[in-house]
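*Asks:*
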Amino acid sequence: MTISGRGAALVTVLLLGGMGDVVANENANGAVTLDPISVVAEREGVLPLPEGPSEHQRIMDIDRYVFDIEEPTRMEVRTHLWAATSPNNVVLRGTLYDENDNVVAEGRSMGGRFAFDRTLEPGYYALDVKGQFLSGTQGGSQRYYLTTRMDAI
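Letter 152 of the sequence shown, counting from 1, is numbered 349 in this note's numbering, and no numbers are missing.
Okay, here's the thing in structure tokens:
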């Protein structure tokens, strides 16, 4: 959907009032487009959060995973360090946000990694994983992955 012309930003704000699953983007001509979150996530390099093991990620800054829940669900997430990564040199932290950017859960720290077990209501969520090196240096082989389990309740 594209909205253009005078007042496009105001119309977009009014439309977004009940449309939490879209994101407004303004192009160079001043037109505002509404894109589904899934399209924006792919375009901006946000990672999907699959059930089971995720892809390995280098431990750097913050990785954001996005997903949606369609029915009340118990969600368990655990981080794992790749074999070449020492838990004595790395700290991983996880923060789960709802679609309104409210903190829903923070990962419980355990040996440089985190885990959480939480019941979630239907909606869109984002999980930020922040990696920090205790030694201040980073090796190219230092990676982590997530294991996720989701059970409808």
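Ideal Cβ positions, reconstructed from N, Cα and C, are used throughout, including at glycine.
#1: Taking only three categories from DSSP, how would you classify G249?
#2: Under the DSSP definition of a beta bridge, which residues are partnered with A302?
#3: At the level of alpha carbons, what is the spacing between S235 and A280?
#4: DSSP three-state label for M353, please.
#5: Whose C-alpha, out of A323, T270 and E252, is nearest the C-alpha of N297?
#6: Is the CB-CB distance between L153 and S251 below 8 Å?
#7: Shortest alpha-carbon distance to Y321 belongs to which of M347, E267, I256 and F330?
*Replies:* By the coordinates alone:
#1: Residue 249 sits at position 52 when you count from the first residue of the sequence shown. Three-state DSSP puts G249 in a strand.
#2: Here residue 302 refers to the residue found at position 105 when the sequence shown is read from its first residue. Its beta-bridge partners are L293.
#3: For this step, residue 235 is matched to residue 38 along the sequence shown. For this step, residue 280 is matched to residue 83 along the sequence shown. In this prediction, S235 scores a pLDDT of 47, lower than 50, which makes its location untrustworthy; the coordinate-derived value is nonetheless stated afterwards. Rounded to whole angstroms, S235 to A280 spans 32 Å at the Cα level.
#4: The chain is shown from 198 up to 350; residue 353 falls before or after that span and cannot be answered.
#5: The residue given as residue 297 occupies position 100 in the sequence shown. It is A323.
#6: Since the displayed the chain opens at 198 and closes at 350, residue 153 lies outside it and no answer follows.
#7: Residue mapping note: residue 321 aligns to position 124 of the sequence shown, counting from 1. Here the closest residue by C-alpha is E267.
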